[in-house]
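Reading through the structure tokens given below for one structure.
Protein chains in written order, with our numbering: chain A, 104 to 384; chain B, 5 to 324.
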């Protein structure tokens with residue numbers, strides 16, 4: 104039985120250790136990839152890795168060998184700059200071969216710095232500029248409802264990204280239409296490119312903002328796979344669901360954690376060695 | 005020669021758009037409409053009455069409007085986004101670029117009341133830049149029908165097209181210009197009059213005025229070839245280069261800025277392949293003064309008389 108199928112049937116506590124190891128493997132591949140390409144966004148990749156791995160490996164109804172089946176669940180990575188985490192997760196889940204990761208950012212590679220749906224199996228819409236993925240995901244959930252389909256839609260948002268007004272347009276539309284099949288995850292790592300989100304432009308009180316927009320709000324530890332799995336498996340009842348996943352930018356590598364400069368810094372060879380040791384422990 | 009040279013009734017293209025969309029929706033349940041608050045300005049009142057569940061209204065939120073449409077397309081539906089052209093194309097330009105064109109989402113973007121159709125409401129409500137900036141977006145056909153018959157063809161073509169498109173729905177009333185049985189294909193202009201002296205290339209509301217200019221010139225024994233360019237992208241390069249080769253020069257006319265639209269496209273093409281005398285008529289790079297649509301078209305020289313004058317000017321230069 105494929106690992107994905109088995110994980111989908113396990114209780115959260117039993118699936119968690121497997122997901123944790125997969126997420127660290129994703130981080131290790133990502134380190135190699137970014138080091139080789141000399142570009143990437145490791146800080147955000149590592150904060151969102153546990154979220155993406157949990158969704159793709161144990162929640163989404165998707166078939167990596169047939170990634171365009173009409174009734175698949177949809178996932179949109181709105182924070183498209185963390186393409187590194189997405190590509191390595193997709194490769195781990197069988198959407199394409201892991202050796203393809205070696206081409207990341209190389210001339211003519213399918214693996215651009217930001218994801219492209221026409222080139223990468225599993226990518227649903229092209230993202231990169233912030234504030235784009237959420238409205239598209241709302242459209243996906245609306246389509247499912249118009250077609251009376253049970254398929255679910257997930258959108259992964261950065262926290263800094265929420266400073267883009269288009270997100271709040273989409274949040275209003277989703278609650279107006281009562282899109283309970285839609286689940287938005289906020290990767291709340293507290294940092295954006297320039298500084299802490301609360302220093303650049305305050306997001307708090309974030310949970311009550313979402314609640315006041317008509318969403319069911321859940322807060323979880325974004326690195327606790329059992330918590331993530333449990334909450335992702337439960338759709339909303341009458342309202343769309345926002346999961347605020349409290350995360351650490353650069354999670355898993357001590358010298359990167361919660362450090363603003365690791366937004367898009369490329370590690371040295373020594374730093375890669377040191378990071379790999381921590382991620383293999 | 006042309007029907008337009010007769011005093012025919014004037015029509016705007018909004019009714020043709022609305023009727024065709026409804027007819028298509030009856031044939032294909034994948035077709036949905038998406039609008040931003042005003043069902044009326046979006047020409048969707050009748051659509052909503054017949055298909056209330058297939059009318060998505062996101063409110064006053066154009067970025068959301070286009071993003072949601074891309075998501076609907078991802079789900080296998082064929083969304084027609086209908087909104088006032090200035091807000092659709094300016095406010096949501098990045099969504100058009102990324103979510104629709106770059107993602108190759110099968111979304112039909114319908115720009116209502118384009119050009120200076122909103123007249124006295126002023127430059128905030130004019131959409132004279134849409135042809136320029138959408139021409140610059142890869143993978144996005146830019147379609148400008150000239151009359152109700154061609155609007156029907158444009159809407160049907162866009163619905164059947166497997167990728168994204170932008171269709172500019174004229175509002176200023178025009179006479180019928182499209183001969184029955186005319187084809188409607190990307191990269192194919194419609195030649196409305198024959199003539200080897202001068203060429204007039206026009207789009208949308210300017211096509212009937214181009215025909216009237218040709219009539220004026222005929223009285224002076226100048227035979228003008230009139231090309232109706234419904235596809236500003238992709239352009240009919242063969243027809244334009246043939247015209248450059250066979251006539252003394254080209255006058256272009258569009259209800260849009262001259263910076264980057266149809267005239268600029270013709271200039272780029274001919275300058276590189278077959279340089280010719282060229283006069284580009286449109287809105288110069290300026291914000292319009294207060295005035296009705298008819299006033300503004302006159303103010304900017306977008307009349308049969310001005311088109312004819314530009315043609316004479318080329319003839320005079322070419323004769324030297």
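All C-beta atoms in this analysis are idealised placements derived from N, C-alpha and C, irrespective of residue type, glycine included.
Rounded C-alpha distance that separates residue i from residue j
{"i": "residue 77 of chain B", "j": "residue 107 of chain B", "result": "11 Å"}
{"i": "residue 204 of chain B", "j": "residue 301 of chain B", "result": "17 Å"}
{"i": "residue 225 of chain A", "j": "residue 169 of chain A", "result": "9 Å"}
{"i": "residue 167 of chain A", "j": "residue 342 of chain A", "result": "29 Å"}
{"i": "residue 9 of chain B", "j": "residue 58 of chain B", "result": "Because residue 9 of chain B sits at a pLDDT of 44, beneath the cut-off of 50, its placement in the model cannot be relied upon, and the following sentence gives the value as read from the coordinates. Going from the Cα of residue 9 of chain B to the Cα of residue 58 of chain B covers about 41 Å."}
{"i": "residue 263 of chain A", "j": "residue 290 of chain A", "result": "9 Å"}
{"i": "residue 55 of chain B", "j": "residue 147 of chain B", "result": "26 Å"}
{"i": "residue 172 of chain B", "j": "residue 200 of chain B", "result": "30 Å"}
{"i": "residue 32 of chain B", "j": "residue 160 of chain A", "result": "36 Å"}
{"i": "residue 150 of chain A", "j": "residue 190 of chain A", "result": "15 Å"}
{"i": "residue 378 of chain A", "j": "residue 281 of chain A", "result": "44 Å"}
{"i": "residue 145 of chain B", "j": "residue 139 of chain B", "result": "8 Å"}
{"i": "residue 327 of chain B", "j": "residue 256 of chain B", "result": "Outside the displayed span of chain B (5 to 324) sits residue 327 of chain B, for which this structure offers no information."}
{"i": "residue 172 of chain A", "j": "residue 227 of chain A", "result": "12 Å"}
{"i": "residue 184 of chain A", "j": "residue 147 of chain A", "result": "8 Å"}
{"i": "residue 320 of chain B", "j": "residue 124 of chain B", "result": "37 Å"}
{"i": "residue 196 of chain B", "j": "residue 118 of chain B", "result": "23 Å"}
{"i": "residue 7 of chain B", "j": "residue 209 of chain B", "result": "Because residue 7 of chain B carries a pLDDT of 44, less than 50, the predicted location of this residue cannot be relied on, and the following value inherits that uncertainty. Roughly 15 Å separates the two Cα atoms."}
{"i": "residue 168 of chain B", "j": "residue 141 of chain B", "result": "11 Å"}
{"i": "residue 223 of chain A", "j": "residue 175 of chain B", "result": "41 Å"}
{"i": "residue 193 of chain B", "j": "residue 253 of chain B", "result": "17 Å"}
{"i": "residue 287 of chain B", "j": "residue 312 of chain B", "result": "17 Å"}
Within-9 Å CB hit, residue i to chain A
{"i": "residue 11 of chain B", "result": "Annotation note: pLDDT 47 at residue 11 of chain B (below 50); position unreliable, no value reported."}
{"i": "residue 78 of chain B", "result": "yes"}
{"i": "residue 75 of chain B", "result": "yes"}
{"i": "residue 71 of chain B", "result": "yes"}
{"i": "residue 83 of chain B", "result": "yes"}
{"i": "residue 68 of chain B", "result": "yes"}
DSSP beta-bridge partners of residue i
{"i": "residue 198 of chain A", "result": "According to DSSP, which records beta bridges pairwise, residue 198 of chain A is partnered with nothing at all."}
{"i": "residue 206 of chain B", "result": "B:232, B:257"}
{"i": "residue 318 of chain B", "result": "According to DSSP, residue 318 of chain B bridges with nothing at all."}
{"i": "residue 84 of chain B", "result": "B:37, B:112"}
{"i": "residue 261 of chain A", "result": "A:290"}
{"i": "residue 131 of chain B", "result": "B:119"}
{"i": "residue 14 of chain B", "result": "B:179"}
{"i": "residue 172 of chain B", "result": "B:115"}
Contact with chain B by residue i, beta-carbon distance below 9 Å
{"i": "residue 232 of chain A", "result": "yes"}
{"i": "residue 186 of chain A", "result": "no"}
{"i": "residue 229 of chain A", "result": "yes"}
{"i": "residue 45 of chain A", "result": "Absent from the model: residue 45 of chain A. The displayed extent of chain A is 104 to 384, so no value can be given."}
{"i": "residue 268 of chain A", "result": "yes"}
{"i": "residue 279 of chain A", "result": "yes"}
{"i": "residue 366 of chain A", "result": "no"}
{"i": "residue 235 of chain A", "result": "yes"}
{"i": "residue 385 of chain A", "result": "Residue 385 of chain A lies beyond the stretch modelled for chain A, which goes from 104 to 384, so this question has no answer here."}
{"i": "residue 301 of chain A", "result": "no"}
Neighbour-count burial assignment, residue i, 16 or more Cβ in a 10 Å radius
{"i": "residue 223 of chain B", "result": "exposed"}
{"i": "residue 291 of chain B", "result": "exposed"}
{"i": "residue 358 of chain A", "result": "exposed"}
{"i": "residue 127 of chain A", "result": "buried"}
{"i": "residue 64 of chain B", "result": "exposed"}
{"i": "residue 315 of chain A", "result": "exposed"}
{"i": "residue 87 of chain A", "result": "The structure shown does not extend to residue 87 of chain A, since chain A spans only 104 to 384, so no value can be given for it."}
{"i": "residue 69 of chain B", "result": "buried"}
{"i": "residue 272 of chain B", "result": "exposed"}
{"i": "residue 324 of chain B", "result": "exposed"}
{"i": "residue 198 of chain B", "result": "exposed"}
{"i": "residue 211 of chain B", "result": "buried"}
9 Å Cβ cutoff, residue i in contact with chain C
{"i": "residue 272 of chain A", "result": "Absent here is chain C; the protein component of the structure consists of chains A and B."}
Q: Give, in chain order, every residue of the region 99-111 of chain B whose Cβ lies closer than 7 Å to some Cβ of chain A.
A: Of all residues in the region 99-111 of chain B, 99, 102, 103, 106, 107, 108 have a Cβ within less than 7 Å of some Cβ in chain A.
message = Residues of the region 36-52 of chain B in Cβ contact with chain A at a cutoff of 9 Å, in chain order, please.
response = 36, 38
What are the residues of the region 237-263 of chain A that lie near chain B, defined by any Cβ-Cβ distance shorter than 9 Å? Of all residues in the region 237-263 of chain A, 237, 238, 239, 240, 241, 242, 243, 244, 245, 246, 247, 249, 250, 252, 254, 256 have a Cβ within less than 9 Å of some Cβ in chain B.
Task: Near-chain A residues of the region 53-66 of chain B (beta-carbon distance less than 8 Å), N- to C-terminal order - done: 57, 58, 60, 62, 63, 65
Chain B contacts made by the region 201-220 of chain A, where a contact means CB separation under 9 Å
219, 220
Margin query: Tell me which residues of the region 152-177 of chain B have at least one Cβ-Cβ distance to chain A shorter than 8 Å, keeping chain order.
Written below: none
Open item on the list: What are the residues in the region 165-177 of chain A lying within 8 Å of chain B by C-beta distance?
Closed with: 173, 177
Please list, in chain order, the residues of the region 108-135 of chain A that have any C-beta partner in chain B closer than 7 Å. none
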